[in-house]
Every structure is written in C-alpha cells, then in structure tokens.
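Asks:
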Amino acid sequence: MYVSVKGGEAAIRRAHRLLADRRRGSRDVAEIGSDQIAEQLTLAVDRVMNEGSLHDRALAALAIKQARGDLVEAAFLVRAYRTTLPRFGASRPIDTAEMVVERRISATYKDLPGGQILGPTFDYTHRLIDFGLEEASETPGPEAADALPVTPGSTPRVTELLAREGLVEVEPRGEDGEVGDLTRSPLRIPAKRDVRLQQLARGDEGFLLALGYSTQRGFGSTHPFAGEIRIGRVEVEFDVAELGFAVPLGEITVSECQMINQFSGSAKVAPTFTRGYGLAFGQAERKVMAMALVDRALRTEELGGEVIAPAQDQEFVLAHADNVQATGFVEHLKLPHYVDFQAELALVRAMRAEHAARAEADAADVVEDHFEEAAE
Amino acid sequence: MPTDIAPGFVDPVHESQTTFRAVLDALAEPGTIRPIAGVATAPAPLAPTAAAVVATLCDFETTVWRDEALATPAVDAWVAFHTGAPRVADPREAGFAIVAAGETAPGWETFRLGADIDPSTSTTVVLQVAGFGEGRRYRLSGPGIETTREIAILGAPADLAARGAENRALFPRGIDLILASPTAVVGLPRTTRIEEIA
Amino acid sequence: MNAPTPTPATGYAFAYLDEQTKRMIRRAILKAVAIPGHQVPFASRDMPMPYGWGTGGIQVTAAILGRSDVLKVIDQGADDTTNAVSIRAFFQKTASVAVTTKTAEATVIQTRHRIPEKPLTAGQTLVFQVPIPEPLRFLEPRETETRVMHALADYGLMHVKLYEDVAKHGRIAKTYAYPVEVEGRYMMDPSPIPKFDNPKLHMSPALQLFGAGREKRIYALPPFTAVKSLDFEDHPFERTKFEAPCALCGATDAYLDEVVTDDRGGRMFVCSDTDHCEERRAAGHRGAMLADTAGNEENVR
C-alpha cells in the first residue's frame, strides 16, 4: 500500500516542541540562565560574537542557550538577527596601543617596555580535570597587583619598536579611510586586505586553526614569530557628522596578535620583517594567532611570492571560511533530492542495461568465433 | 523633516513595492505600459513617476546624476533627502541617471556602460517623456516580447531607434532605459531591438 | 526617509528584509532581467534559514512580494515537503501574504528543483532556489576564471566535457542542472531541476528569477526568452521519458518520483508535482494503484 510522504506543519511543530524539551533537559536540574552563560562560559560567548559578527554579550549568551550549546548554530542565530539591524556607519579605528591591557606577551623579546603580562591564561595550567569544580565553592578574587588596571599607553606595541628601526614593513594606510564590508557588497576575488581580514575575523576558528597549522607544516611557510599578543579593553568611538566630533560608544574587550614574519626583500626593497595580523572580540587568542598566520599567508602574492599552498589561496580560504555558509550547504544534503536522484537512477539503469547487452553480445561473438575456428 | 523639502512616499514599504513591480514588469516585458501612482508632491520639473522610481531604487549605496533641466535646488534637495544617494557630476559614474526630456537627452554613450566582466554596473537611465500611445511609433522585439510589440512614445529622443541599435551592439554592456510618462513607466532594456515605424 | 513599517504580527519588517536590503536586491533583479542569463552579484544577507536551504530564493521572493500577491512554495514539486512548508510559513508570518497550493492561482511561485507541470501564464513569477549558480563550476572551481569565460563567451570547457560524455557513455550523461544557453549568449545553470523541465524554460510567458544566497548571485529569464539546452547535432537533447504512467492519476506527460513500496523490489511511480496530480484526480483521472491507496496519510513523524 502506498502512503504518500507528507511533511506538514504538524510534524514541524512537534519537532520544535521536542527540541525545546531536549534543550531544557531534566527538570530536576535548575534551568541555566543566559546571565550564567554570559558570566561563566565567556569564551564560548566570545566565539559566538566573533563568528556571529556582532558584539552583544547578552544576545550571544541567549543564542548559546537556545542552540543547546552548539556554537556554530548560536553564531547563525546571531547572524540572522544582525541582518535586521540598521547600519549607522563605521566606528573610528580602535587604538590598541591605548588598550587597558589584561594580558600582553611577546615571544620575540624577553622583556620590553610595560613588561610581559600573563593575565588570565590557560597556558601554564596542567590540563588535569579539577574535580573540585563539581561542587560550588568560594573562588578567591585576583591578587592585589592584578586588581589594578594597567595604565593605558604604558605598553607600546612591539611592532612599533621594530618599526622605529625600519625593521618591519610600514603599514600602508587605507587610501580614503573607507573600509570594505562584505556584508554589504559581495566578496570579489582578488579582495583587498581589509575585506580579507573581515572575512577571517568572521571565519570559523577551526578552519583558520587548521589553515594556520598547515603553514607551519610547510604548506606555505611564513616563518612566523609571535611578536605580540595582547588582550584588553579599548574604547570604541563613532564620528557623528552632525556634531563634527567623535562620540565614545563604550568599551569592548579585544584580542590582537601581531605575527612577525621573515621577508628577504627584493631588488627594490631592503630586507624587512613583514606582518600578519589578527583581531577578534573578547578573549580569542587561538583565533587571532591562527588569523595572523593566515593573513600573512594570503599576502604571499603581493609580497612577490608564488601561491602554491591552500592557506595562500585567496579564493580557497575566503570562500570557505564562513561556517554559517558552510554548515548550511553541507547540511542541506539532508533536504529531499529525490527528483534529481530519480533522474540519475534512470540514467544509471539505462547505462547498466546497455552494458549488459554489450557484454551478452560480446559473449555471443566469442562462442561464434569458437565454432568458426572449430569448423576450419 | 525640514519644511522646505516636499514629502515623499506616504507608505514607503508598500508604495515602493508596487512601484518596483511595475518597473520590473516594464523591463521584463519591454514596451508594455505599466501605470504607477507616482509621488504627487515631487518638485517640478521632476515628474511624479520618475520621482517614485528614484525613491524606490536609490539610496546611499547608489550614485545619481541628473541633467541640467533638473538641476534645481528643490529637485536636488528632494532626491538627497528621500534617498540619501550621493549625486555625481560625471554621468560615467552614475548608477542612476534622471533625464528631464527626450529632446535634450545626452547620448547613451556618455553614461556608464559597464564592463564585459560585470555588465550589471551600467547606468539605469530614467527618462521623462510626455506620454505613451501617441507620438512616434516603434516596433520592439527581443527578450520579453513573444514576437513583436508596438508602442507610441511622445517625447522620446528623435533618434531613439539609432541609439538603441548602438546600445544593443555593445551587449552585454549598455544602459537600460526606464521611460516615465506622467502616469506610467515603460522599460527598454539593452536587449530590446527598436525599429521606428514610418 | 524610507523607514520600514513593522507588521504588528512579528515586529520584523514586511517580508522580513529591511527596505535598504530590498532596494539592493531589487536593483540586482532589474539588471538580471536586462541581461538574461548573466549572474549579477548581490550582497546576500544572512537569513534566518540555513544557507543551501533557499536563502537566495527567499531573498528574491521577499524583495518582490506585495500585499496582493498569492504565494506558492514547492520543493521537489510538492507543496507539502517540510522545507516548502517552512518557507511558506515564514512568508505567511512576516508578510501576511495569501498562499495557495494551486499553480494557476499563484502570482509568485518559489521552487526548489522543479518547474510546475501546468504551463505558467503571463503575470506569474517563478523564483528558483539555486545552490551553485555557475554552470562551469565543476569544470573550473575558480570564480576569477569563470567570470572571464562568461565575459568572453568562451564555453569551450563545457562543450569538451559534454563531448567526452558522448565518447565515454554514448550520450550526454547529465540528468539535472542541465546547462542551457540563453538568447545565444550566456551559458546558464537552470538550478538542479531535472532536464525533463528544461524545455519549459524556453519562451515561457512567466518571469523566471534565480536566487543563489550563499554564492550571492541573482539571474533571470524575462518572459519569452530563448533558452536552448546544450546538445550536439548527432546527439540532440532528449527529455527524460517514463515507461509507466503515474500510479495515482495516470498522467503520462509528468515527471514521476519512484516510490519503493516494499523490500522485495516493489515500486511505483507517482507525480512529483502534487498539485498537478491532485487536480487530475479531482477531474476524474485514475491511476492503476489508486484503488489500493489510503490517501494522504501522514508518514513523517
């Protein structure tokens, strides 16, 4: 008996209700609040803000709750919300030299003005599960020395120290101060560096990590040094045309990585170090380091190198970095495709039938030949 | 709103939607006459229909050029206020051009014609005409037309057919034309063959 | 200024998109109509549905839809597939638009993978959801290269590929997303419709719009546009034929889905276009299996 397959609104409604039930989990356990996510799963919130391309901690936390902790799904929720927001313009460039630093390390100098500041890092933890966290306990606050903010401006950027000697390339300033925005004009290849950095900042952390890693294993080596990684608060300002001056919008936490890479120079240019740059919302150290590696790799062509590795290939990297796009297209394979499959099925059956007929004809020929030979 | 700028659409969402559909149908089926309500309050010599097309399609992401006849402070202020579109002095930089009348229309080749690799960047020219159903008669053919379609246009450039032929020869480059009479629009995209009926 | 007026039902703008986004999409649609078959880049937005699930079609529909429109949404030809239901519900919610399952009643039809069997008429608009708009993509993965090929109308790569098919398989081994040539100029991907539907593209009285959200491209076929499926003189384009009629309505001229009825090789063929099939049955047409069917029972949990 044939029963037609009907999706229908009822099926969708029931699926949504089941989803909400599974999200809530056992009713014996207190429901998690998005404030708890915002305060205690801060790095997840940071990642969702970055890949969701929107700085809003409360919204990102709520998205994580709604997405049952699936961070790509949460970024997707934030992105779709972002689409509906009016756009007033672009902020002034943030000045990370004026950052209220919480963490600042350099791998290229043992000591430097402002010092190395470890800050809240996993780096020197032993990765041993802390069973003490199973129970709520009093967590002591930071030590007195860490409770005071670092004076803004007391930690000059490492690249500026090198630049004074002419040892690192000078960043060319944007021609007209206009920055591209690939959410408002479609990506064109070749893309300028501002647009590339935007795509990397929105890009999937795992994808960037793998690409950055590939450059370290010889697929487009950039000889990187972690010149500086800094994390802290910066002020965001917005130029209001009617007022004629910039208005502070508030402070955000960002992570910045400046990679310093070897460059042998050319006939025209003396040898200098070159830069790879990474910047992201919140504490996103892995993301900005990987981003800086990939940024530098993507500059291969403009620095006179030959594009041979995946991480150097603009079209490959930029077209596949967005996990909201990637997850949608990979997962769309679960949508019905039976019309196309039917068309392929018919073709394969027809070709198999022809194949069988040919094989039969060949076999008959062999038998015929055999009899002919026997007759001779 | 400053008191010296005339109002635009009363219901922007739905008026721009109906205007857009009329323009879409006009360009999809060249030579068909598509009535639109227009913006009655548009400052002369900007025609209410042309004003509606501009308000529907232009914003801060498009550039607008207008000819000398439309270069009045009231028109410039109206377009700037209701669209936010930057005005350009060079027609080669225009995403949209507004032309007051066929008799004084500049040659199509003075506008942005697009590139073979990206022909969609060419100028859309909104040309004000006196009316449809009277004036010079043309036979049209091409995509959007099953066989041929006839249309009469009052106030089109005298050499409309020759301009069309030159524009068509550039394909896929070329401008697209939206004719705006006092009550309706007609589309003549770059694909349309225009033959004048003697 | 053109501030969006939210519909009270949802708090979102009419048809979800803000007015600036609609203008941007509308401009792209107009240029697409003016250059039939050419893929116009547009700044596709992140939509509340996943990429690959119709975000391009949804944006095109949202940009054209008005209060007097009647919307039909199909996936695989059917109005009742889950994704079609979901997209239809989206527009009911955000645009309070009238919906229908009847092809003849719709002014706008959004589709994935099919063109309705009932011939479309003047004034109707068919919006295709497109996953990969570039017909040359699987022959040349780089956009920088394929853009130049379109600019030069250099389609040798495709002709070589189709010729290799003929040499290897004795036929052009393409059954869906079968490439077409528009007005003798642009090569175009008709979206993954079965090639059975390709002839319906040619000189259709309806406006056909194609939206690819993830790939950020819009293209169009105005009504009465010449659309030729690629072929060779000695291997002309052939429409897929079915050996059996629809088991429900007896149609012999419709695209059929194969339905496996048991695990012993039993199968039947039924119309993929559910509206077409229902209309035929309402008119008294009966297929071989109809007496045996329990009708439209729900089989998706």
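Residue numbers (this note's numbering), protein chains in the order written: chain A, 9 to 384; chain B, 3 to 200; chain C, -11 to 289. Note that beta-carbon positions come from the ideal geometry of N, C-alpha and C, so glycine has one too.
(1) Are the Cβ atoms of residue 96 (chain C) and residue 163 (chain C) separated by less than 8 angstroms?
(2) Could you give the distance in angstroms between the alpha-carbon of residue 115 (chain A) and the alpha-carbon of residue 162 (chain A)?
(3) Hey, is residue 63 (chain A)'s beta-carbon within less than 8 angstroms of any beta-carbon in chain C?
(4) Using a 10 Å radius around the Cβ and a threshold of 16 neighbouring Cβ atoms, would you call residue 101 (chain C) buried or exposed?
(5) With 8 angstroms as the threshold, decide whether the Cβ of residue 318 (chain A) is near any Cβ in chain C.
(6) Taking Cβ-Cβ distances below 7 angstroms as the criterion, which residues of the stretch 102 to 123 of chain C are in contact with chain B?
(7) What are the residues of the stretch 30 to 45 of chain B that lie near chain C, defined by any Cβ-Cβ distance shorter than 9 angstroms?
(8) Would you verify that the beta carbon of residue 167 (chain B) is, or is not, closer than 8 angstroms to some beta carbon of chain C?
(9) Quick one: list the residues of chain C neighbouring residue 90 (chain A), beta-carbon separation under 8 angstroms, in chain order.
(10) May I ask you to report which of helix, strand or coil DSSP gives residue 175 (chain C)?
(11) Secondary structure at residue 232 (chain A), three-state DSSP: helix, strand or coil?
(12) If you scan the stretch 306 to 364 of chain A from start to end, which runs of the alpha helix (DSSP H) of 4 or more residues do you find wholly inside it?
(13) Could you name each continuous alpha helix (DSSP H) segment of 4 residues or more that falls completely within the stretch 44 to 112 of chain A, going from the start of the chain to the end?
(14) Flag this pair as touching only if the stretch 116 to 123 of chain B and the stretch 83 to 91 of chain B have three or more C-beta atom pairs under 8 angstroms; answer yes or no.
(15) How would you call residue 29 (chain C), buried or exposed, if buried means at least 16 neighbouring beta carbons within 10 angstroms?
(16) Contact criterion: CB-CB distance below 8 angstroms. Does residue 202 (chain C) meet it with respect to chain A?
(17) May I ask which residues mark the beginning and end of the beta strand (DSSP E) holding residue 215 (chain C)?
(18) On the three-state DSSP scale, how would you describe residue 143 (chain B)?
(19) Please report the residue range of the alpha helix (DSSP H) in which residue 178 (chain B) lies.
(20) Mind reading off the beta-carbon distance from residue 140 (chain B) to residue 148 (chain B)? Whole number of angstroms is fine, and I expect it under 8 angstroms.
(21) If you drop the 5 nearest sequence neighbours on each side, which residues of the same chain put their C-beta closer than 8 angstroms to that of residue 112 (chain B)?
(22) By how many angstroms is the C-alpha of residue 223 (chain C) removed from the C-alpha of residue 129 (chain B)?
(23) Please state whether DSSP places residue 182 (chain C) in a helix, a strand or coil.
(24) Roughly how many angstroms lie between the CA atoms of residue 123 (chain C) and residue 72 (chain B), to the nearest whole one?
(25) Using 8 angstroms as the cut-off, can you tell me whether the stretch 229 to 236 of chain C makes contact with the stretch 25 to 43 of chain C, which would need three or more C-beta pairs spanning the two stretches below that distance?
(26) Is DSSP giving residue 15 (chain B) helix, strand or coil here?
(27) What are the partner residues of residue 256 (chain A), as DSSP defines its beta bridges?
(28) Can you tell me where the alpha helix (DSSP H) with residue 11 (chain C) in it begins and where it stops?
(29) Does residue 250 (chain C) pass the burial test, meaning 16 or more other C-beta atoms within 10 Å, or should it be called exposed?
(30) Hey, residue 263 (chain A) and residue 224 (chain A) are a contact pair by Cβ (cut 8 angstroms); roughly how many whole angstroms apart?
(31) Would you report the Cα separation of residue 187 (chain B) and residue 47 (chain C), rounded to the nearest angstrom?
(32) Let me know the secondary structure DSSP gives residue 142 (chain A) once reduced to three states.
(33) How would you list, in chain order, the residues of chain B whose beta-carbon sits under 8 angstroms from the beta-carbon of residue 54 (chain C)?
(34) Taking 8 angstroms as the threshold (C-beta atoms), are residue 346 (chain A) and residue 64 (chain C) in contact?
(35) Taking just the CA atoms, how far does residue 108 (chain A) sit from residue 47 (chain A)?
(36) Can you confirm whether residue 118 (chain B), when its beta carbon is compared against all beta carbons of chain C, has any partner nearer than 8 angstroms?
Replies: The answer reads as follows:
(1) No, the pair does not count as a contact, with Cβ atoms beyond the cut-off.
(2) If I take the Cα positions, the gap works out to 19 angstroms.
(3) Between residue 63 (chain A) and chain C, the shortest Cβ-Cβ separation is not below 8 angstroms.
(4) Answer is buried; the Cβ neighbour count reaches 16.
(5) No, residue 318 (chain A) does not count as interfacial toward chain C.
(6) So the list is empty, because no residue satisfies the distance condition.
(7) Hits within the stretch, in order: 30, 31, 32.
(8) No, no contact with chain C.
(9) 34, listed in chain order.
(10) In the structure shown, residue 175 (chain C) sits in a strand (DSSP, three-state: E or B).
(11) Strand.
(12) At a cut-off of 4 residues, the continuous stretches assigned as alpha helix (DSSP H) that sit fully inside the stretch 306 to 364 of chain A are 322 to 328, 331 to 339.
(13) Complete alpha helix (DSSP H) runs here, min 4: 50 to 60, 65 to 74, 79 to 91.
(14) They do not touch, by the three-pair rule.
(15) Residue 29 (chain C) is buried by the Cβ-count criterion.
(16) Yes, because at least one Cβ of chain A sits closer than 8 angstroms to the Cβ of residue 202 (chain C).
(17) In the DSSP annotation of this structure, the continuous segment of the beta strand (DSSP E) that includes residue 215 (chain C) starts and ends at 215 to 217.
(18) Here residue 143 (chain B) sits in strand by DSSP.
(19) Residue 178 (chain B) -> not in any alpha helix (DSSP H); beta strand (DSSP E) instead, spanning 178 to 182.
(20) For a cut-off of 8 angstroms, the C-beta gap from residue 140 (chain B) to residue 148 (chain B) is around 17 angstroms, too long to register as a contact.
(21) Cβ neighbours of residue 112 (chain B) beyond the five flanking positions: 93, 94.
(22) Rounded to the nearest angstrom, the two C-alpha atoms are 48 angstroms apart.
(23) When secondary structure is reduced to three states using DSSP, residue 182 (chain C) falls in the strand class.
(24) Roughly 44 angstroms separates the two Cα atoms.
(25) In this structure the stretch 229 to 236 of chain C does not lie against the stretch 25 to 43 of chain C, because fewer than three pairs of beta carbons, one per stretch, are closer than 8 angstroms.
(26) Of the three classes helix, strand and coil, the one that applies to residue 15 (chain B) here is helix, per DSSP.
(27) Bridge partners of residue 256 (chain A): A:245.
(28) Where residue 11 (chain C) is concerned, the enclosing alpha helix (DSSP H) stretches over 7 to 22.
(29) Of the residues assessed, residue 250 (chain C) falls on the exposed side of the cut-off, its CB having fewer than 16 other CB atoms within 10 angstroms.
(30) So it is not a contact: roughly 20 angstroms between Cβ atoms.
(31) Going from the Cα of residue 187 (chain B) to the Cα of residue 47 (chain C) covers about 25 angstroms.
(32) Residue 142 (chain A): helix per DSSP, three-state reduction.
(33) Going along chain B in sequence order, the residues near residue 54 (chain C) (Cβ under 8 angstroms) are 16, 19, 20, 23.
(34) Yes, the Cβ-Cβ distance between residue 64 (chain C) and residue 346 (chain A) is below 8 angstroms.
(35) Looking at the two C-alpha atoms, the distance is approximately 20 angstroms.
(36) Yes, its Cβ sits closer than 8 angstroms to a Cβ of chain C.
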